[in-house]
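Following: one structure in C-alpha cells, then a few remarks.
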Amino acid sequence: MKPVPPHLPRHYSYAAITTHCAAQIAQFMAEARRRSGAEACYRRERAYGVYIGWRALVGGHADQAMFHRDDLRLEALLSDPLTPSP
C-alpha cells in the first residue's frame, strides 16, 4: 500500500465532503440544463453518480438527522425543473 503524499490531506470531514458533492451536483445539473440530448443526459447521470457516491461515503454518519436533511437537500439538487414529474 502506498503512503499518502504529504501534500494531500488524509481525512475529510462530513461537512467538506457534503459541500463538495453539493457543488458538483449543482454544476452538472446546470450544465445539463444548458445542453440537450445525450450531452444533457450524460451530465444528469454524472450528477446522480456524485449523489450515490456521497451516500456511500457518509451514509453511516453518526448524526442521522443531519444526514437525512443533507440527503433531502442533495437529492433535490437532482430535480430537473424542465422535466415534468411522473
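Numbering of the sequence shown is given in our numbering, commencing with residue 153 and proceeding in unit increments. Even for Gly, the Cβ is constructed at its ideal location relative to N, Cα and C. None of these values were measured; they are calculated from a predicted model.
Under the three-state DSSP convention, the category residue i falls into
i, result
"A214", "coil"
"R187", "coil"
"Y200", "helix"
"Y242", "Because the chain is modelled from 153 through 238, residue 242 falls outside the range shown and cannot be assessed."
"Y164", "coil"
"L209", "helix"
"L230", "coil"
C-beta atoms of residue i and residue j nearer than 7 Å
i, j, result
"V202", "Q176", "yes"
"A192", "A184", "yes"
Residues near residue i in its chain [Cβ-Cβ closer than 8 Å; skip 5 each side]
i, result
"I169", "W206, L209, V210"
"R187", "R195"
"L226", "T170, C173, A174, I177, Y203, W206"
Residues of its chain near residue i, where Cβ-Cβ distance is below 6 Å and the 5 sequence neighbours each way are ignored
i, result
"D222", "T170"
"H172", "none"
Presumed contact (8 Å Cβ cut-off) between residue i and residue j, rounded CB distance
i, j, result
"Y166", "H213", "5 Å"
If you pair each beta-carbon of the segment 192 to 202 with each one of the segment 224 to 232, do three or more pairs fall below 8 Å? yes
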